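Numbering (this note's numbering), first residue to last: 1300 to 1449.
Put into structure tokens, the structure is as follows:
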């Protein structure tokens, strides 16, 4: 007996920090498609643990979750949210591993959208955001990129 065709399609938006993932997600959201962000899932866990939202705390928490639950852990935590969402489509912004995408593929049709931008453009965007986790300089930016790439 063949398994039923997945009911939903999850559009997985990937790219380096500052590439434009949030802009792409905002277009989908404006069209009424639910958007879920990997960082929001980590921040929700940090909130439960009463951790401050610092780059260090969130980074360590993400590593701990992956170490204990596997590299697809964030996507596994996303599944109940996708199930509750109405409609045929959902967006997952910021997948960090092939295992996350594979986790979603086990349950849904998956379309991967890769957003690219030059290092210079990404650095400038991250500086303009003014967030507390923005790179302090070019060396910090390159270190973050290397960490993102594993």
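In this text, a Cβ means the ideal position worked out from N, Cα and C, and glycines have one as well.
Fair warning: this is a prediction, and the values are worked out from it, not measured in the lab.
The Cβ-Cβ distance between residue 1387 and residue 1307 falls below 8 angstroms. Contact between residue 1416 and residue 1337 is ruled out by a C-beta separation of about 18 angstroms, above the 8 angstroms threshold. Residue pairing of residue 1408 in beta bridges, as defined by DSSP: 1308. Partner residues in the beta bridge of residue 1392, as assigned by DSSP, are 1312, 1336. Across the structure, residue 1363 and residue 1401 are spaced so that their CA atoms are roughly 20 angstroms apart.
Per DSSP, the beta bridge partners of residue 1413 are 1313. In this structure residue 1421 does not touch residue 1333 by the C-beta definition: roughly 26 angstroms separates them, more than the 8 angstroms allowed. The beta carbon of residue 1380 sits closer than 6 angstroms to the beta carbons of 1335 from its chain, once the five residues preceding and following it are set aside; these are given in chain order. Of the candidates 1319, 1350, 1351, the residue whose Cα lies closest to the Cα of residue 1414 is 1319. By the 16-neighbour rule on beta-carbons within 10 angstroms, residue 1440 is buried. DSSP places residue 1439 within a helical segment (H, G or I) once states are collapsed to three. Rounded to whole angstroms, residue 1309 and residue 1425 show a C-alpha spacing of 27 angstroms. Annotation for residue 1313: 1394, 1413 place their beta carbon closer than 6 angstroms to its own, counting only its chain and skipping 5 residues before and after.
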